[in-house]
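A.B. asks: Numbering (full-length UniProt numbering), first residue to last: 1 to 607. Dumping the structure here so I can ask a few things about it.
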């Protein structure tokens, strides 16, 4: 949804051989560098391993799973006469957590489907049962974790780290409390190639807030230490099967994995939409890896990673982007897998070679960048803009206008096409994400948080760091954001990136019969209101482009002008509900406490 909302992955077992200086070598983690002492047992005699799956629904390049399997294996090899440690998988279903984090039914459905394929793989290949625990709230998750560790005689809990503020606080509480139950909690890193906090600005030794220098440092560090940053964790298939015996599992009253629900109460989908999502986005890491291989090997029709630099901006091209973002969002793939696969297609090179491949890798680096911002500036997780001075922007809100945007009824064809694609498929082309986000925040002057929330609830690839970073980038409130006076013109964007109107006609069928370019991109400039009504399209645009642009620039100037005050980030005052003092600003912005009086009568809006 912003500079990037790209995402992708790779299967190490299919990796082509490269020269020693190009791709990282595969290596086992030695006992010396293991995160645990293989022969140590907890004082109460428990020695089972519990792997807590979260946003990492895969068996390849999963550090938490790999380390749990490694420790169980090492313990048995060190003490062959002792009871073999069991490895048990866990997933916590918390509807209240989904709701509080704006995870919508489309993504919940995808999580459940990926969870089902994961459970089947774990059980059929290595007899690892997946336990599904329903926890009503975040507080219940902590309590339930203690109870589960006790019930299954767990000595070690493994999980991959999540960086959002609520998740970080939850894990911090468990790190403090689990040792009281003789349980060691191991947090591994899998979401970023370079973990947050490693890359610091050379000038200030602080978190990078601009992408370009971050990217340069990222390339420099990764190229110098490929084995450290690009070696994939051992896969489930690398370990002897089965991991557990049926008899040992029965001693814990486990006879089979827990069933995965087809639907979660409160997150139901219409039958037709669910069917469409299952066809469009089949679940599982096997499917994801196959799609990644096709994208990177050029096996997909008409496009692939080598032409990504040119194809990625054209929404009419079904395969112009990788379309792997949903799999990255649920952790069926990792960024690291994507980059390793891309390097294979690029002769082992990381930042040189194919321009398409390098561009795709750069898009993936945005994922690391936004997670660095999230960790360095946790206020972005708490409803605050990165640029604190923008807290004083006088956003407007009209529910009927917002609903028109949500459901693709604005009278701007490219905007309407994007929003309807989102409603139908749970996904939207990245170029169009930027256009519709700019339209909401600049043309309609609606708070970016409303759009962020709607996207989170609607997207199958919802990812907090990328979604938040992308919306703030477009709204000019975030890190490395576009200047507030740079406002996407929906008409010229449409003409440039969908010149034949193929994308628009696909998603706005009312306009499918129009023949001329002018009529497709700006039907109100060619057709009469009567003709538009007959087609079933909006009689007038929801807002006039020129006037809306003028209003947005004035609103930003009013609070970003010389002498503007930066609000206290700890203030509990409602974001966007501040009183405004009159400010003298340059460039013709009005001296007023409210912009609406200045623009009254200039905005062409219809419900």
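Don't be surprised by glycine CBs; every beta carbon is placed ideally from N, CA and C.
If you reduce the DSSP assignment to three classes, tell me which class residue 131 lands in.
C.D. replies: In the structure shown, residue 131 sits in a strand (DSSP, three-state: E or B).
A.B. asks: Using the Cα positions of residue 20 and residue 222, report the straight-line distance between them to the nearest angstrom.
C.D. replies: Note on residue 20: pLDDT 31, under 50, position unreliable in the model; the coordinate value appears next. One C-alpha to the other measures close to 15 Å.
A.B. asks: Determine the direct distance from the alpha carbon of residue 51 to that of residue 88, and round the result to whole angstroms.
C.D. replies: Each residue's Cα considered, the two are about 6 Å apart.
A.B. asks: When you compare only the Cα positions, how much space is there between residue 382 and residue 510?
C.D. replies: Cα-Cα distance, rounded: 41 Å.
A.B. asks: Taking the alpha-carbon of residue 115 as reference, which of 281, 261 and 228 has the nearest alpha-carbon?
C.D. replies: With distances taken between Cα atoms, residue 115 lies closest to 261.
A.B. asks: Helix or strand or just coil, what does DSSP make of residue 200?
C.D. replies: DSSP places residue 200 in strand when its eight states are reduced to three.
A.B. asks: For the region 107-114 against the region 327-337, do three or more pairs of beta-carbon atoms, one drawn from each stretch, fall closer than 8 Å, so that the two count as touching?
C.D. replies: Verdict: yes, contact present.
A.B. asks: Quick one: give me the first and last residue of the beta strand (DSSP E) that residue 49 is part of.
C.D. replies: Element bounds for residue 49: 48-53.
A.B. asks: My output table needs one value for residue 160: the three-state DSSP class, helix, strand or coil.
C.D. replies: Three-state DSSP puts residue 160 in a strand.
A.B. asks: Let's see if you can read the secondary structure: which residues bound the alpha helix (DSSP H) around residue 230?
C.D. replies: Residues 226-230.
A.B. asks: What residue does the alpha helix (DSSP H) around residue 87 start on, and which one ends it?
C.D. replies: Taken as a continuous stretch (DSSP letters only), residue 87 belongs to no alpha helix (DSSP H), being part of the beta strand (DSSP E) at 87-93.
A.B. asks: Using a 10 Å radius around the Cβ and a threshold of 16 neighbouring Cβ atoms, would you call residue 6 buried or exposed?
C.D. replies: Its pLDDT being 34, under 50, residue 6 is placed unreliably in this model, and the value from its coordinates should be taken loosely. So residue 6 counts as buried.
A.B. asks: CB-CB under 7 Å to residue 468, same chain, minus the five flanking residues each way: which ones, in chain order?
C.D. replies: 380 and 452, listed in sequence order.
A.B. asks: Classify residue 270 as helix, strand or coil using the three-state DSSP reduction.
C.D. replies: Reduced to three states, the DSSP call for residue 270 is coil.
A.B. asks: On a Cα-Cα basis, can you pick out the residue from 364, 153 and 205 that is closest to residue 337?
C.D. replies: Nearest C-alpha to residue 337: 364.
A.B. asks: List the endpoints of the continuous beta strand (DSSP E) containing residue 184.
C.D. replies: Looking at the DSSP string, the run of the beta strand (DSSP E) that includes residue 184 is 184-188.
A.B. asks: So, under 8 Å CB-CB, residue 433 and residue 478 are touching, yes? Tell me the CB distance rounded to an integer number of Å.
C.D. replies: That pair is no contact at about 15 Å.
A.B. asks: Between 342, 346, 177 and 63, which has its C-alpha nearest residue 143's C-alpha?
C.D. replies: Nearest C-alpha to residue 143: 177.
A.B. asks: Using only CA atoms, which one of 306, 192 and 103 lies nearest to residue 163?
C.D. replies: Residue 163 has its Cα closest to that of 192, out of 306, 192 and 103.
A.B. asks: State buried or exposed for residue 256, treating a residue as buried only when at least 16 other CB atoms are found within 10 Å of its CB.
C.D. replies: Result: exposed.
A.B. asks: Closer than 6 Å by C-beta to residue 526: which residues in its own chain qualify, once you throw out the five before and the five after it? Chain order, please.
C.D. replies: Cβ neighbours of residue 526 beyond the five flanking positions: 518 and 519.
A.B. asks: Does DSSP put residue 514 in a helix, a strand or coil?
C.D. replies: Reduced to three states, the DSSP call for residue 514 is coil.
A.B. asks: When DSSP builds the beta bridges, which residues end up paired with residue 154?
C.D. replies: Looking at the DSSP assignment, residue 154 forms a beta bridge with 48.
A.B. asks: Just verifying my parser: in three-state terms, what is the DSSP assignment at residue 429?
C.D. replies: DSSP places residue 429 in coil when its eight states are reduced to three.
A.B. asks: From the DSSP output, in three-state form, read off residue 26 for me.
C.D. replies: A caution first: residue 26 carries a pLDDT of 37, below 50, which makes its placement in the model too unreliable to give a value.
A.B. asks: Once you ignore the five residues that flank residue 426 on each side, which residues in its own chain have a CB closer than 7 Å to its CB?
C.D. replies: Closer than 7 Å at Cβ, skipping near neighbours: 106, 277, 458, 459 and 460.
A.B. asks: Please give the ranges of any alpha helix (DSSP H) in the region 392-447, keeping only runs that are unbroken, at least 4 residues long and fully inside the region.
C.D. replies: Segments of the alpha helix (DSSP H) lying fully in the region 392-447: 399-406, 413-425 and 430-438.
A.B. asks: Is residue 450 a contact residue of the ligand GDP, with contact defined as CB to any heavy atom under 7 Å?
C.D. replies: For the structure depicted, the ligand GDP is absent and the ligand set is empty, with no information on it obtainable.
A.B. asks: Under three-state DSSP, which class holds residue 464?
C.D. replies: DSSP places residue 464 in helix when its eight states are reduced to three.
A.B. asks: At 4 residues or longer, and completely inside the region 354-388: list those alpha helix (DSSP H) runs for me, N to C.
C.D. replies: Listed in chain order, they are 355-376.
A.B. asks: Is any beta-carbon of chain C found at less than 8 Å from that of residue 202?
C.D. replies: Protein chains in the displayed structure number just one, and chain C is not present.
A.B. asks: From 200, 48, 167 and 59, pick the residue whose C-alpha is nearest to that of residue 372; which is it?
C.D. replies: The option with the nearest alpha carbon to residue 372 is 200.
A.B. asks: For residue 92, collect the residues of the same chain with a Cβ closer than 6 Å to its Cβ; drop the 5 residues on either side in sequence, then sort them by chain order.
C.D. replies: Cβ within range, chain order: 133, 135 and 141.
A.B. asks: Cβ atoms of residue 180 and residue 321: under 8 Å apart, would you say?
C.D. replies: No. Outside cutoff.
A.B. asks: Per DSSP, residue 207 is paired with what?
C.D. replies: Its beta-bridge partners are 200.
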